[in-house]
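Following: one structure in structure tokens, then a few remarks.
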Amino acid sequence: MAIEIPRNMMILSAWLGLFIVSLPSVYPQMPWTPIFIGKDSQVDFWTQSETGCTCSFNSSSKDCACCVLTGGCSCGAAMPKRCGQCGLEKYCTNMCNITLDSKELLSKSNRSFGQIKSPSTGGPTECTYKFIPDTGQRVELQIYRLVSIGRHINEKCEGGWLQLEGGARVCGSNARFDPPIVLFSDKLQPTLRMLISENTTRSQFLAYYSFASKTSTSVGWPAKGGKSVDQTECDWVYEDCTNRECILASPAYPGLYPPDTRCHYLIKSNGTVSITIMFSSVLLSFNHCTKDFIAVYAGPTTSSTLLKTLCSNEKTTVVHTGPELLVEFKSGPEVPPFNYNGFKAQVIVTELTTLPPTTTSTTTENSIEIIRSANNPMSNSIRSSDRDSNDLRKDQDSMSCDTDVYGDKYRTGHYDTRKKIKTTNCHLILRGRLSDTVHVLLSSYNLSTSGCKSTIEIWDGVLQPGMTQGNDKPLKTICSPAYKISHDNEDERYTETEHYSSTGRDMTVVLRRASNKPPDEEFMDVAYYFHDEREGGTLRPSSACDVEYYGLSSPKEGWVVHPISRLFTLQGSVKCKHHFIPAANQSAILTVENDNVKRPTTNQCITLCGDSGCRCMSDSPLDSIDYLQVGSEPGHIIMCLCGDYQNWLPLKIRSWTPLYIEWSRSSRSGLGFKANYKFAESAYCGDHSTRKPEGMIRAEDLSVPSISSLNQYYQQKCMWILDSSIDRQLIIEVESFQDRPCTAWNLTIHEYKKTGDPVGQRLHTFCSRDRHKNFTLPRKMNTAVVRLQALGRTAPQYVMKWRSDTVMANTQKSGPSPAPNYVSGTSVAVLVNHHSFPMALSTLVVFLFCYGNF
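Taking mature numbering (1 follows the signal peptide of the UniProt record, and there is no 0), I'd label the letters of the sequence shown as residues -28 to -1, 1 to 826.
Right, dumping it as structure tokens:
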């Protein structure tokens, strides 16, 4: 028995016939191709009326169905009162085991979409539907109705299911879906399969199909810029997103994603870059965060440091400084309701550039976390570490070799099995808070037996004494014989301690001895700490103390201090960096404060500050002394502080490019410091573009009354692209009342390059001592670049104006350029617009149809 669609399922359209509009549906984040039934006299999708038209098999009779004018063909003598889609009319009575060819259907019905009504049949049975899309097309399927096609039990379909090849299995005993279940397939010739494996009296489904364009903005395949990895189902590599658009998407997006899938998206780039990934659309199965999630790693593998995990409909933006970033998409079993469709994300790779460095510094990427409290800047940062260490020693007076440490009570500590009762196995279980990651450093160990009879194992997660991990493997296994002994040698250069990080909140370190009486003392000496990204920034991968603070995701303001609480974990020289990375519309402000700690006077190194920053003056190599540096990426040193530098404080630096604080310890005590950071919203500096023929930019007043001008520095790197769509002669006028050297700040005018870095050959330079200048560019040089570079105690003050002379020639068009994105902020009369553009309005009438029982 065929499926009958009652009249209340039909809607009145403003146009005759069938209409298909590729626009997103109103259901949140779930776009599909709306397929509408037009004209209120229609009986079903292709039938206008049951009688009134000449029969194809009997020209003398008009008792046959009238078909829609475009796309409908009579079903013939087998079903005279119905019509089907031209090209499929022979399957009117039994739409099972058929092929739907996009080219053939388009040529015969002038439609690349249609309806599938399976025959009403008893089970067990099976039907297949093979789709052959044309070049540049993908298959879209919308499931509206299921009758006796299995049922969902224990996270899987039993008794029957409907599946588009490679996708999820959908089932239901008597289910209607509004909105529909939407499936997509990008396979060359995917097959839809209906399988009934149990006895039923009537099994049937109703679905719409469409051969959708892959370039459609709503239902197309959005992924761009990557290459699929051979021999994998859904792994992608994005090797260069610096100068092109890169978009990631889950399989079958924007439809229901396949179950039990694990996909990897590796983003790679050469040089020092900032990788920004913006998750614009996320819709995963709700309340299944352990099975359906997105994980972002600061490196090429899933063993790299975990930056962020997303689930349900959580959206976010992740910014990472480094050459590689990995996104992992994991899906569990399909579960109703089938209203989830995965994710889409945009990738932006930005080269980190700054002013030409005046000082170079070779650094070692070694680390310890710097403590920060956003609410209480300094009250607990040092004393709490000493208190916790004392409490921990008291808690461990039992001398048990198995120890549990909880991150909500202790944030850092030390574990040495030589101070414990000697047993065959020793377990150190580290249990973090909900948002913690755990980090362990193996300072010393000795495994003296032969043939791997004794081991040290690092486990990601909890491994209780007596438990086994099944097929899981530890992060690291150290086999005997092996040893590492740390020496208390003040002159020893620092080398990275063996450092391991967890992906979740827990970690376990196990020492397994061959016996409790080995010929040599077998032991392990472990330092550990818990790191909360929400409080202490994002820990850099494969490091113990380099931390990143992002203007988009980190707290807008907070404090950092020297990592004195963990000095016992490392010997020799140690370097730690804290990176502050503002967003495009932000600046980073760092203020080094006085920590009120009296330091002994030393002639080994002194600090001298001038207009271009602070310098460390020493006859000894910098790495042999304790110092603090504030620099901008990738290595321009703005401040270097050493010795008794407190008289220079507070020191403040504001920059529109990424900043970092580098703390270097050479002595046992190290150099103390505390600093406040803040991300300030500011659209004044950055990269801007405009096509306005004339305008003005006035420098923003950046002075802070509470801080002396001798103690604050400004670093700016701004760029404006002045573009035009018509031939012109551009005149740029710059004026300043300041009397500053050209090295303090300058404005330069450059030719525009269409590819790569837009800054071309330098044409003119303006310094504040020039006071006032007009720069006339060659005629028909329609686009120019103006760049500001500044570093000094005084913020630049200037007014820049430009105008266009188009009298000689104003009809020749030049090439397109980026749309303006300049925001005035506190500037005065910035980029005044002198043009208005008419807007063309169009209205699309969209009717959602409803339907009842069939």
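No residue lacks a Cβ here, since even glycine has one placed at the ideal position from N, Cα and C.
Across the set I239, K624 and L41, the C-alpha of I239 shows the shortest separation from the C-alpha of C213. Distance check between A767 and each of R734, E707 and D673 places D673 closest, using alpha-carbon atoms only. In this structure, I121 keeps its C-beta atom at 8 Å or more from the C-beta atom of L72. Residue burial annotation: A560 is buried, with at least 16 other C-beta atoms found within 10 angstroms of its C-beta.
In the structure shown, the three-state DSSP call for E323 is strand.
If you compare the alpha carbons of S627, I450, S190 and K650 with that of P527, the shortest gap goes to K650. Taking C-alpha positions only, V519 is separated from R148 by approximately 51 Å.
For the pair F747 and F502, the Cα-to-Cα distance works out to about 58 Å. Where L77 is concerned, there is no enclosing beta strand (DSSP E), although the alpha helix (DSSP H) around it starts and stops at S74 to S81. Around S696, the same chain offers R663, P665, N754, T755, S776 and S786 as residues with beta carbons nearer than 7 Å, after the five sequence neighbours per side are excluded. Non-local C-beta neighbours of G197 in its own chain, meaning closer than 7 Å and more than five positions away in sequence, comprise Y210, C213, R216, E217, C218 and I219, ordered along the chain.
Apart from sequence neighbours up to five positions away, the residues of its chain that approach Y685 with a beta-carbon distance below 8 Å are G585, I610, M611, L623, K624, I625, R626, L763, G764 and R765, ordered along the chain. As summarised for the stretch 236 to 304, the continuous beta strand (DSSP E) elements at least 3 residues long and confined to that stretch are 245 to 255, 265 to 269, 278 to 282, 289 to 293 and 296 to 302, given in chain order. Setting aside the 5 residues that flank it on each side, L118 is surrounded in the same chain by G144, A147 and F177, each with a C-beta closer than 6 Å to its C-beta; the list follows chain order. The alpha carbon of R670 has as its nearest neighbour, out of A716, V771 and G582, the alpha carbon of V771. Proximity of the stretch 153 to 170 to the stretch 96 to 110 meets the contact definition, three or more beta-carbon pairs being nearer than 8 Å.
Looking at the DSSP output, R110 sits in a beta bridge with A184. Of the candidates S372, V410 and Y378, the residue whose Cα lies closest to the Cα of K394 is S372. E493 and Y417 have their C-alpha atoms some 10 Å from each other. Within the DSSP secondary-structure output, M479 pairs in a beta bridge with L402 and D432.
With a cutoff of 8 Å on beta-carbon distance, N566 and V482 are scored as not near each other. The DSSP-derived three-state label of D232 is coil.
With a beta-carbon spacing of about 6 Å, I721 and I704 fall inside the 8 Å limit used to define contacts. In this structure the stretch 186 to 201 does not touch the stretch 122 to 131; the number of beta carbon pairs closer than 8 Å is below three. In terms of Cα proximity to M67, the closest of K689, T475 and C55 is C55. Between K549 and P152, the alpha-carbon positions lie close to 52 Å from each other. Leaving aside the five residues that flank S33 on each side, the residues in its chain whose CB is nearer than 8 Å to its CB run, in chain order, T26 and C27. Around the CB of D711, fewer than 16 other CB atoms lie within 10 Å, so the residue is classed as exposed. Buried is the label assigned to L413, since at least 16 other Cβ atoms lie within 10 Å of its Cβ. Separation of the CB atoms of L719 and L760 is rounded to 5 Å, and the pair is thereby assigned contact status at 8 Å. A distance of 8 Å or more separates the beta carbons of D478 and S407.
Of the residues assessed, F552 falls on the buried side of the cut-off, its CB having 16 or more other CB atoms within 10 angstroms.
Between I578 and S638, the C-beta spacing is not below 8 Å. Between the C-alpha atoms of D16 and V321 there is a straight-line separation of about 52 Å.
Here D595 carries a helix assignment [DSSP, helix/strand/coil]. S525 and T288 do touch by the CB rule: their CB atoms are close to 7 Å apart, below 8 Å.
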